[in-house]
Amino acid sequence: MIYKLGFVLSFMQLKFVLVFLLIILSGASLWVWTGEVEDSVEKVYVSRVIDGDTIELDSGLKVRLKGLNTPEKGMRLHGGAKELLSSWVLEREVIIESFGGDKYGRILGYVYVDGLLVNSEILRKGFAGLYYYERDPYYDEMFGAEEFARASELGIWKKSDNYGCMELVEFKIDEPEKIILDNNCGSELDVVIKDDATHIYEETLEEGQWEKEFSHIWNTGGDSLYVWDEKGLLIFYRY
């Protein structure tokens, strides 16, 4: 750890302080679209916040914040995540470290504003879940941020009164995929079931066992299962 002016800077934070200074001194320009996305560090201007994990630059390029998934439209905290991101980056210059692009043509990257790593702060406040295809140098910091939110029961981790009364009997992620949940909560429950990605299922679980088959939904390399009640409060998760 490096101490300066009364603050504690992590290696990643120190790295971006130095990068920011270099960008200012060199007069670096904004991204120019070339049809390909290469790993880079750039100073850019955010013209629009699309949702809690996607922004648009004044160049028209879209940036998907890497390492997290915020709630989808219609879910609790969807609007809150967008508002939080907007409060940090909308109509401001930020620094982005890009890690290639996705199939939708968006840049994948980490966003810094005033030395704050926005990606990890969204996780730390409980407005997103960790989401990685493969780990990168930011993974440990991002994982720690989510751990803090989960332990503090913030945001998506806020527990329902029914938390702990549901049991996962079977979670079969090879074909044919299958989930069996045992509802021991004493009543019928309207729930939202979600994976790490964007697959969302609204279901009514009667008392006792509930079973559903899926096809090519769950990640065979490892996936999470979240169950929220009708208020968007956490009933069960398998991480």
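Each residue of the sequence shown is one higher than the one before, counting from 4 in the working numbering. Just so it is clear, CB atoms sit at the ideal spot from N, CA and C, and this is done for glycine as well. Since we're looking at a predicted model, the values are computed, not measured.
Going by C-alpha positions, Asp42 is about 5 Å away from Ser101. Exclusion of the five residues before and after Gln212 leaves Val172, Ile183, Leu184, Asp185, Asn186 as the residues of its chain whose Cβ lies within less than 8 Å of its Cβ.
Contact check for Ile99 against Glu45 passes: the beta carbons are separated by less than 8 Å. Within the stretch 79-104, the complete beta strand (DSSP E) segments at least 3 residues long are 96-104, listed from N- to C-terminus.
CA-to-CA, the gap between Phe130 and Asp105 works out to about 22 Å. Between Asn122 and Tyr136, the gap from beta carbon to beta carbon reaches 8 Å or more. For Asp185, the enclosing beta strand (DSSP E) covers residues 180-186.
Taking the Cβ atoms as the reference, Lys181 lies roughly 7 Å from Glu214, within the contact range of under 8 Å. The Cβ-Cβ distance between Leu88 and Gly55 falls below 8 Å. When rounded, the separation of the alpha-carbon atoms in Leu133 and Pro140 is 14 Å.
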